[in-house]
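*Asks:*
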Amino acid sequence: MTTPLIPAPARSGRGSIRMHLDRGEHPATRVPLLNADLDSPSAVCGGCAHKVLKQLNDGRERLKCGLLPRGSRGLRGPDLRDSMPACVKYAAASGALPNA
-9 MTTPLIPAPA RSGRGSIRMH LDRGEHPATR VPLLNADLDS PSAVCGGCAH
41 KVLKQLNDGR ERLKCGLLPR GSRGLRGPDL RDSMPACVKY AAASGALPNA
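In terms of the numbering used here, the sequence shown opens at residue -9 and continues consecutively.
#1: Label L53 either buried or exposed according to how many other C-beta atoms from any shown protein chain fall within 10 Å of its C-beta, with 16 as the threshold for buried.
#2: Is it buried or exposed for V42, if we count other Cβ within 10 angstroms and need 16 for buried?
#3: With DSSP as the reference, label R52 as helix, strand or coil.
#4: Answer with buried or exposed for L70, where buried requires no fewer than 16 other C-beta atoms within 10 angstroms of its C-beta.
#5: What would DSSP say about L43, mapped onto helix, strand or coil?
#6: Is it right to say L23 is buried, meaning 16 or more other beta carbons lie within 10 angstroms of its own, or is it exposed?
Structure follows, in structure tokens:
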């Protein structure tokens, strides 16, 4: 006798970042997204003045949100992507990327 397969819920296994985006909130700042269209956002984190580039000891770089304070381990919340939809605190970047 075989056990029937039970389909998993549609949102099973969703990462925390995606779950925040699905709720309409930015995963780093936890404030609402600038617009609700995740496939075609009006602004993205890569163009925000608040982004900072965290340089890791092994030479790798991580994009972080400068609106978050540094934690006890020197981090600023989750890693961001240039294409991540921006939050309502978005400010257009003027040029250079500051270091974390």
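Glycine included, each C-beta is placed from N, C-alpha and C at the ideal position.
All figures in this text were calculated on a predicted structure; none of them were measured in a lab.
*Replies:* Let me spell this out:
#1: Counting Cβ neighbours within 10 Å, L53 comes out buried, since at least 16 surround it.
#2: Burial state of V42 is buried, judged by a 10 Å Cβ sphere holding 16 or more other Cβ atoms.
#3: Note: R52 maps to strand in three-state DSSP.
#4: Flag for L70 reads buried.
#5: It is a strand residue.
#6: Taking all protein chains shown into account, L23 has 16 or more neighbouring C-beta atoms within 10 Å of its C-beta and is therefore buried.
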